[in-house]
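To start, the structure itself, in structure tokens.
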Amino acid sequence: MTDTTPGAAPAPEPGSTPGRVSGGNFDSTSDSGPRGASTAPQDAVDQDTRAHLQSLSTEIHKGVVGQDAAVTSLVVALLCRGHVLLEGVPGVAKTLLVRSLAAALDVRMRRVQFTPDMMPGDITGSLIYDNTTSDLVFREGPVFTNLLLADEINRTPPKTQSALLEAMEERQVTVDGASRPLPDPFLVIATQNPIEFDGTYTLPEAQLDRFLLKAVMPLPDRDVEIDVLRRHADGFDTTDLAAMGLGPVVDVPSLHRAQQDVSQVVAEDPVVQYIVDVCRATRHSPSLSLGVSPRGAIALLRTARAWAYLTGRDFITPDDVKTMAPATLSHRVRLTTESELEGTQVESVLAATLASVPVPR
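For the sequence shown, our numbering assigns the number 102 to the initial residue and increments by one for each residue that follows.
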């Protein structure tokens, strides 16, 4: 089943724990960077683009209450041209979050409900017979969109899950030997339920590695839940986001300029070496049977660059790496059987790994 809708990384708060993506407004001030790093202001166009990207999370929150870390992850993924895995129980506004993002960008969104009987062609599209031309023509699948919400992706068999691999990595679909490019921007936001395992299929490691970030959407605390109910008591309609004042704040050309700016954020050798050392340390952790691959290290570099850009800098620091490491690496590692039986959490292992790696000065 599909539906179609037309179509934020805040700086860590003082005293917050490094490695946690926190919510709130983007802060254009930050620590001084590595010695010799460029701190000259960028031109007015770049600053204006950055300001629009910084306002994106505020606009999304007109539709979604709370869930700051998930909002941040989506903004970072957009800047990095990456994909996001959302994990949360039903009813925590995963679909509303993606619809709000699409409205704030004014891009096309499609939602696919993954089921056990879904076939690869149901996602990518297929050749059908056209009676008028007596020929086979290609009918596009829901993957031909800007934002694809792959709802409960772990409910469909691996063969169908793998149909997304080419789209996520190559941004194209190949059917009957012909390759067809996907729209730009293209972002896959997949969801999975962390507590329901009947009728589900574990995502293969190769596919997990294609997701730039994993964002957990927890149940809201009491105050946030009261705010949600107040909105609905006042007539909030999730199908009419415009009524909440939610509208486009970033257009596609601005997004492309921001993506280009992020790719130019300076990564000095000491910070690059720090990223490598963190990822290599996961491969030697006694609590992990699978550590972070070189692709994961590249992903951490990309997300740290996006975080630095959103916080107003054109260089990355070790704190940027620490901030983005949990969301970037948690789905790329696997606990040993013994660690799982002991109740060890991946987040605690990553925190210990970050603490064990010397920080460059």
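Even for Gly, the Cβ is constructed at its ideal location relative to N, Cα and C.
Could you round the C-beta distance between residue i and residue j to whole angstroms and report it? I think they count as a contact, below 8 Å.
i	j	result
alanine 291	isoleucine 254	4 Å
leucine 288	alanine 178	6 Å
valine 363	leucine 180	5 Å
leucine 283	alanine 268	6 Å
leucine 401	threonine 429	5 Å
leucine 436	serine 388	6 Å
Mark residue i as exposed unless 16 or more other C-beta atoms lie within 10 angstroms of its C-beta, in which case mark it buried.
i	result
lysine 195	buried
asparagine 126	Low confidence applies here, because asparagine 126 scores a pLDDT of 45, under 50, leaving its location unreliable and the question unanswered by this model.
glycine 346	exposed
serine 263	exposed
aspartate 236	exposed
serine 139	Because the pLDDT of serine 139 is 42, which lies under 50, any placement of that residue in the model is unreliable, and the number read from its coordinates should be weighed accordingly. By the 10 Å Cβ count, serine 139 comes out exposed.
valine 190	exposed
arginine 414	buried
glutamate 306	exposed
arginine 323	exposed
serine 376	The amino acid occupying residue 376 in the given sequence is isoleucine; serine does not appear at that position. So isoleucine 376 ends up on the buried side.
methionine 219	buried
proline 459	exposed
threonine 424	buried
leucine 455	buried
Which residue wins for smallest C-alpha separation from residue i, given the options the options?
i	options	result
leucine 250	Arg200, Thr216 and Arg323	Arg200
glutamine 360	Asp328, Thr303 and Ala409	Ala409
glutamate 326	Arg151, Gln168 and Glu160	Gln168
leucine 313	Asn294, Val176, Val460 and Thr234	Val176
arginine 256	Glu160, Ser457, Arg433 and Asn294	Asn294
valine 276	Asp223, Met318 and Asp231	Asp223
Closest Cβ-Cβ distance between residue i and chain B: below 8 Å?
i	result
glycine 183	Note that chain B does not occur in the displayed structure, where there is just one protein chain.
Suppose contacts are defined by Cβ-Cβ distances below 8 Å. Is residue i in contact with residue j by that definition?
i	j	result
arginine 332	valine 172	no
valine 351	leucine 154	yes
valine 353	proline 243	no
arginine 209	glutamate 270	no
proline 427	proline 461	no
Could you please give the first and the last residue of the uninterrupted beta strand (DSSP E) stretch that includes residue i?
i	result
lysine 315	314-317
glycine 226	226-231
For residue i, report the span of its alpha helix (DSSP H) as first-last.
i	result
proline 419	419-430
tyrosine 302	Here tyrosine 302 belongs to no alpha helix (DSSP H), and DSSP marks it neither H nor E.
isoleucine 327	323-334
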